Amino acid sequence: MSTAMFGARVQRLADARLVRGEGSFIDDIPLEGALHVAFVRSPFARARILSIDCQAAREMESVAAVYTCDDLGSLDILMPLLIPHPSLDQPRTQRPLARGDVFHVGQPVAMVVALDRYTAEDAIRLIDVDYEPLEVELDLQAAVADGAPRVHEDVANNVAAHFVQSTGDPDGAFARADHITKIKVQVDRSTAAPLECRAVAARWDRVSGELTVWDGTQAPISVRGGLASILGLDEDKVRVTAPDVGGGFGQKVLLFYPDELLVPFAAMQLGRPVKYIEDRNENFIGSSQERTQIHELELAATKDGEVLGLRDSFLHDTGAFIPYGIAIAQVASTSIAGPYRVPNIWVEFKAVYTPTVTITPYRGCGRPQACFAIERAMDKLADELGLDRFEVRRRNLIRDEDFPYRRDGLMFADGLAVEYDSGQYGRALDMMAEHIDLDGFAAEQQEARAEGRYLGLGLGFYVEGTGLGPYEGSHIRIHPITGKVYVNTGLSCQGQGHETVFAQVAADQLGVDASDVIVVEGDTAAFDWGVATFASRAAVVSGNAIHKAAAKVREQVLEAASNMLEAAKEDLVLEGGKVFVNGVPDMAATLAEIATASNPLRYAFNEAAKTSTQFAPASRHDGPALGEGEAPGLEATDYYSPPHAAWAYGVHAAIIEVDPDLCSITFKRYICVHDCGRMINPTLVEGQIMGGIAQGVGGAHYERIEFDEEGNPRNANFMDFLMPYATEVPHAEILHIETPSPLNPLGVKGVGEAGCIPVGQVVASGVADALQPLGIGPLEHVPLTPDMIFTALGGEKEE
Amino acid sequence: MKPPLFDYVTPESVEEAVAARAADEDSVFLAGGQSLIPTLNFRIANPTMLIDISRIAALKGIEISDTEITIGAMVRQRQIERDSGVERANPLLREVLHNVAHTVVRNRGTLAGSIAHADAAAESPAMLLASGGSVEVRGPGGGRRIEADDLFKFHLTTSLEPGEMITAVRIPVLAPSTGWAFKEFARRRGDYALAGICALVTLDDSGRCTSARLSACGIASTALRLVKAEQELSGGMLDEAAIVRAAKAARDAVTAADDSQASTAYRRHLVDTLTRRTLAVAKTRAEERSAR
Ligand SMILES: Cc1cc2nc3c(=O)[nH]c(=O)nc-3n(C[C@H](O)[C@H](O)[C@H](O)COP(=O)(O)OP(=O)(O)OC[C@H]3O[C@@H](n4cnc5c(N)ncnc54)[C@H](O)[C@@H]3O)c2cc1C
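Protein chains in written order, with our numbering: chain R, 1 to 799; chain A, 800 to 1091.
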């Protein structure tokens, strides 16, 4: 490689545009005469719809249309079950608009299309829906009991799926054990709360029969496929674009949200563009959420703390519907042993319906829950055996020589056996111990205690299976006029900085500056093979596809340049946007010239073009301009399909001060040692980690989606749902390890979700360590709020 | 989250504003909009007309006499907090306002608006109570003054008559040998408090507490004076034992039910802690001012 963009701290290429306000989010797209949508949403968690009266709304002058399920014709369907699984024997998905029953507060019942959103909101208040409320059970453990009120009448015990997996001989391990540690832990529900809520706009061109959809989705190609099939259109007549999107975190990978179907449908029906811009309240009650799981976990260990076996049985809240299948629970169940060898595992889960908004993956996707369970258990094991927390981990970490480390019998979310590809787990833990300065901290902790201040060390280790298949692709072309490199890939970006890292990967192969690479993604008109952005996979899967396609184009460049410069390929250098003969910088051709020369022309529209017209001296005069099998220009397409997930990992620690009177916590330090394989751009990696930690801090200490006993959301706004502000998020010290993944040409692993995974454990263990002298009770539930710390300290005492 | 249809007027004088309000019983005054606009967007409120008082020049001044600070109803919270005259006359205001929301909100929000809004968890009403302030109001029947102790009736409810507006907030200048403090606990920086305590204590030369005024926010259906806690302090030495007794009395003033952030037991514990800490700071400051 002639330049070294890979690994460089290239500044994010999208930022200049975004900070100047030049971004183009869906609401910015000018659509003349667009109509606006608002939904009537169920105010009941579970109810039967007795009647819907839309007459007053339909009579409003500014209302173009009102739809209920009866007005949808062939769209009144059960929406797709996206990821079927053999264990999912009671799958239920929702209809675009409720028919008969409603299953959670916020479920769309009717849609109003009006001149603007203001009047659409006026109109939904004129729609009279008569409901007969039904009994509900919000508590996950009560919901699986016999006789519990059912979310779906025909699903007994509310169990959607029941799945058991095992590896090794768990019963034998438990029989052999000197010591068994048992723990029950809970992680509560949160939400991604992207800065830009979801949005969809659509335009139907009656003349050309083309439907254009702007959708803030993480999966434009999949949405296009689904829309074409449901609306009965040819794929090439449906274009789905995800323009600038303000955060996704998994919430925007579900298809379909009702609006994603109904907005295009209304645009076709009404012959005018239609826009739906979800507001914050709707995002809280209508867009998917994640996290609630209750794990009962047991470790079978020797007296030296070597873990021989693990059993885990957990309940997973899937909300009212399960369109995304068992993915989250499956990820949790297969990540349950974390970074530890544990050869014998038995893990079982039930995915349970509750009358709440649907659960689909949110950054972390089951991993924060699994990490919290295993890491709390490891701490408890250490305590019970009188071992140091670091030591008990050291004795169980998968050793460098154990890689690749398989857990046969545990099938990951990609349908393949869990196989950790590479890592240096022991080194990561040692780096952390050294960086914290454990002895120094112990002294500081003692001194603080003498002053009546309570400092604690929080510690959590995580693993993350990243970069799942099936595949992504890339198409790369060098523009003949400008010589710029044009890169397409099928997945889409929600602010992560794909354009920067993808440009770096292509730039390295093609000897240009990253700023001369134009990355276009998330537009089915540009490239329409691929899957979506999820599972920390963009850099791994699209990144490697781009690398492979760029390597092909590089070959073409050198081939063509060797003809033009009459020099052997081995003597050519590709650098600075041109090819020159090694040692003879004057014998050079720019990428634009090479691209132009590779494209036989009839018309000399610019100076460079003259060299490739028919009568130019360099042109071929002995036959067809393009030989058999040749293609014009410099361009190639290639794909990357990972053999299985690439496993990243890391260890987080924090020094936390707890005020036992206010029961508040303050982060004194937050440290992350992580390994995501080779880093394309350390700055962006750090950004991903810091953002993940911010969301992790939310889940660890602040954010809990609350429902009352009737299933009404109690804090569906930013005043009551406590997403941390910048003032609550600690600065993170980040230390990198780079163990290449052997699975892909770039040696990269994903990092998108990593930051959020261990934070719950870090906070709980840090608070436990800080307040240990005060006899704090077990901390096995996050978010760990001040009130919970108060309770764990014994609650109100009469002095 | 779009507001319903409303009319909008921008009177230039208090008289015009009061007349506009009298002419339409479903109209409301709009000051900084930091509480009113969200209630419109959530469609909790459905007024026919907003009477924007932000163009009334007469409401924009701060006057400081030897005894009183008079703050016009359209003075923004941020302006008060940055006013060095106010800081000299009564440093409690800045300390309290630093706990109100974030800079961007205080850039628009007004002290009078916050007091008129009368959120039970808001800091400014508690400040007005502890400092013994009052509000000037004007209505169709003329003007009057309402003492802080008579103002706050319930969460989001004051003793203002329909049609009355606050024209100014009056706060006494801090008395000599008096220490002040405000402390709260909020889950996030700038949030409404789970509990907040405001204290003013005056010491005589021997260190005896001649006057103690305490108030709280976030713990009941309104901001409230902590009268029992004051009684534990007034007339005696401000020692550790007195502070502990006052903190216990304050704790017993908690009537807020369990909510998603705090159980009653935890809130009582918070009030106990905050009262002790607030009094400790107020006492130190009183001693410093007496020594001067
Ligand atoms: C994100 C955010 C965080 C916040 N955090 C806090 C916090 O931590 N603590 C806190 O105390 N507040 C907080 N607030 C509220 C803020 O302090 C408001 O500014 C204040 O409550 C109202 O002042 P305003 O000038 O904006 O009033 P407006 O919103 O304009 O009016 C509020 C109400 O008072 C009435 N009103 C206004 N002025 C008068 C008047 N002169 N006479 C009679 N009635 C009048 C209005 O009719 C309306 O009913 C927060 C607000 C936001 C948006």
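Note that CB positions come from ideal geometry on N, CA and C, so glycine has one too. None of the values given here were measured: they were computed from a predicted structure.
As assigned by DSSP and simplified to three states, the class of Pro642(R): DSSP places Pro642(R) outside both helix and strand once states are collapsed to three, so it counts as coil.
3 or more residues per run - each beta strand (DSSP E) lying fully within the region 221-300 of chain R: If we require 3 residues or more, the beta strand (DSSP E) runs fully inside the region 221-300 of chain R come out as 238-241, 274-277.
Among Pro264(R), Ala120(R), Val307(R), nearest to His179(R) - alpha-carbon criterion: With distances taken between Cα atoms, His179(R) lies closest to Val307(R).
As assigned by DSSP and simplified to three states, the class of Leu793(R): In the structure shown, Leu793(R) sits in coil (DSSP, three-state: anything other than H, G, I, E or B).
CA-to-CA distance, Val729(R) to Glu22(R), given in whole angstroms: Going from the Cα of Glu22(R) to the Cα of Val729(R) covers about 28 Å.
Partner residues on chain A for Thr666(R), Cβ-Cβ distance less than 8 Å: In chain order: nothing, as chain A lies at least about 12 Å away.
Per-residue burial, Asn861(R) [other beta carbons within 10 Å of its own, 16 or more giving buried]: What the structure shows of chain R is the stretch from 1 to 799, and residue 861(R) is not part of that stretch, so it cannot be assessed.
Closer than 8 Å at the beta carbon, the chain A residues around Thr727(R): Simply Arg987, Arg988, Gly989.
Close-in-space but distant-in-sequence residues of the same chain around Glu703(R) (CB under 7 Å, 5 per side omitted): So the list reads Ser190, Phe721, Leu722, Met723, Pro783, once near-sequence residues are dropped.
The beta strand (DSSP E) enclosing His316(R), as first and last residue numbers: First-last of the beta strand (DSSP E) with His316(R): 307-319.
Same chain only: Cβ atoms within 8 Å of Phe841(A), ignoring 5 sequence neighbours per side: Apart from the 5 residues on each side of it in sequence, Phe841(A) sits with its Cβ closer than 8 Å to the Cβ of Met800 in its chain, given in chain order.
Contacting positions in the region 1020-1052 of chain A - beta carbon closer than 7 Å to chain R: If the cut-off is 7 Å between Cβ atoms, the region 1020-1052 of chain A has nothing near chain R.
Where His85(R) falls: helix, strand or coil (DSSP): Residue state, collapsed to three classes: coil.
Spatial distance of Asp1003(A) from Leu973(A) (CA atoms): Taking C-alpha positions only, Asp1003(A) is separated from Leu973(A) by approximately 15 Å.
Check: Gln833(A) C-beta below 7 Å from any heavy atom of ligand 1: Distances between the C-beta of Gln833(A) and the heavy atoms of ligand 1 include at least one below 7 Å.
Near ligand 1: Ser913(A) beta-carbon under 7 Å from a heavy atom: Ligand 1 has a heavy atom closer than 7 Å to the beta-carbon of Ser913(A).
Chain R within 8 Å of Phe984(A), Cβ atoms only: Against chain R, the CB of Phe984(A) has a partner CB under 8 Å away; the residue lies at that interface.
Where Leu1069(A) meets chain R, residues with beta-carbon distance less than 9 Å: The CB of Leu1069(A) comes closer than 9 Å to the CB of Asp661, Leu662, Cys663, Pro786, Phe790 in chain R, given here in chain order.
Any C-beta of chain A under 8 Å from that of Pro783(R): No, Pro783(R) does not count as interfacial toward chain A.
Near-chain A residues of the region 274-291 of chain R - C-beta to any C-beta below 9 Å: Under the 9 Å Cβ criterion, the region 274-291 of chain R contributes Asp279, Arg280, Asn281, Glu282.
Nearest candidate by alpha-carbon position, reference Gln330(R), set Glu59(R), Arg48(R), His316(R): Looking from the CA of Gln330(R), the closest CA among Glu59(R), Arg48(R), His316(R) belongs to His316(R).
3-residue-minimum beta strand (DSSP E) runs that sit fully inside the region 388-414 of chain R, ordered along the chain: Those beta strand (DSSP E) runs which fall completely within the region 388-414 of chain R and span 3+ residues are 405-411.
Complete beta strand (DSSP E) runs within the region 470-509 of chain R (minimum length 3 residues, chain order): The region 470-509 of chain R contains these whole beta strand (DSSP E) runs: 472-478, 485-489.
Near ligand 1: Arg881(A) beta-carbon under 7 Å from a heavy atom: Incorrect: Arg881(A) has no Cβ contact closer than 7 Å to ligand 1.
Beta-bridge partners of Thr302(R), as assigned by DSSP: Among the bridge pairs identified by DSSP, Thr302(R) is matched with none.
Reduced DSSP secondary structure (H/G/I, E/B, other) of Met1(R): Interpretation of Met1(R) is limited by its pLDDT of 41, a score under 50 that renders its predicted location unreliable; no figure is taken from the coordinates.
Glu733(R) versus Glu635(R), Phe667(R), Ala764(R), residue with shortest Cα-Cα distance: Here the closest residue by C-alpha is Phe667(R).
Chain A contacts made by the region 685-703 of chain R, where a contact means CB separation under 8 Å: Hits within the stretch, in order: Tyr702.
Within chain A, partners of Pro724(R) - CB distance below 8 Å: Residues of chain A passing the Cβ test: Arg987.
Nearest neighbour of Phe174(R), chosen from Arg311(R), Thr119(R), Gln55(R), Cys69(R) [CA to CA]: Answer by Cα proximity: Arg311(R).
Check whether Ala929(A) and Thr956(A) have beta carbons under 8 Å apart: Cβ atoms of Ala929(A) and Thr956(A): not closer than 8 Å.
Alpha helix (DSSP H) segment containing Gly766(R), residue limits: Gly766(R) -> alpha helix (DSSP H) spans 759-771.
Short-range partners of chain A found in the region 478-499 of chain R, where Cβ spacing is below 9 Å: Sequence-ordered contacts of the region 478-499 of chain R with chain A are nonexistent [C-beta pairs closer than 9 Å].
Any 3 or more C-beta pairs closer than 8 Å across the region 598-616 of chain R and the region 426-446 of chain R: Here the region 598-616 of chain R does not lie against the region 426-446 of chain R, with fewer than 3 beta-carbon pairs under 8 Å apart.
Whole-Å CB distance - Ala700(R) paired with Val763(R), under 8 Å assumed: Right, their Cβ atoms sit about 4 Å apart.
Cα-Cα separation between Ser74(R) and Asp638(R), rounded to whole angstroms: Computed Cα separation, rounded: 38 Å.
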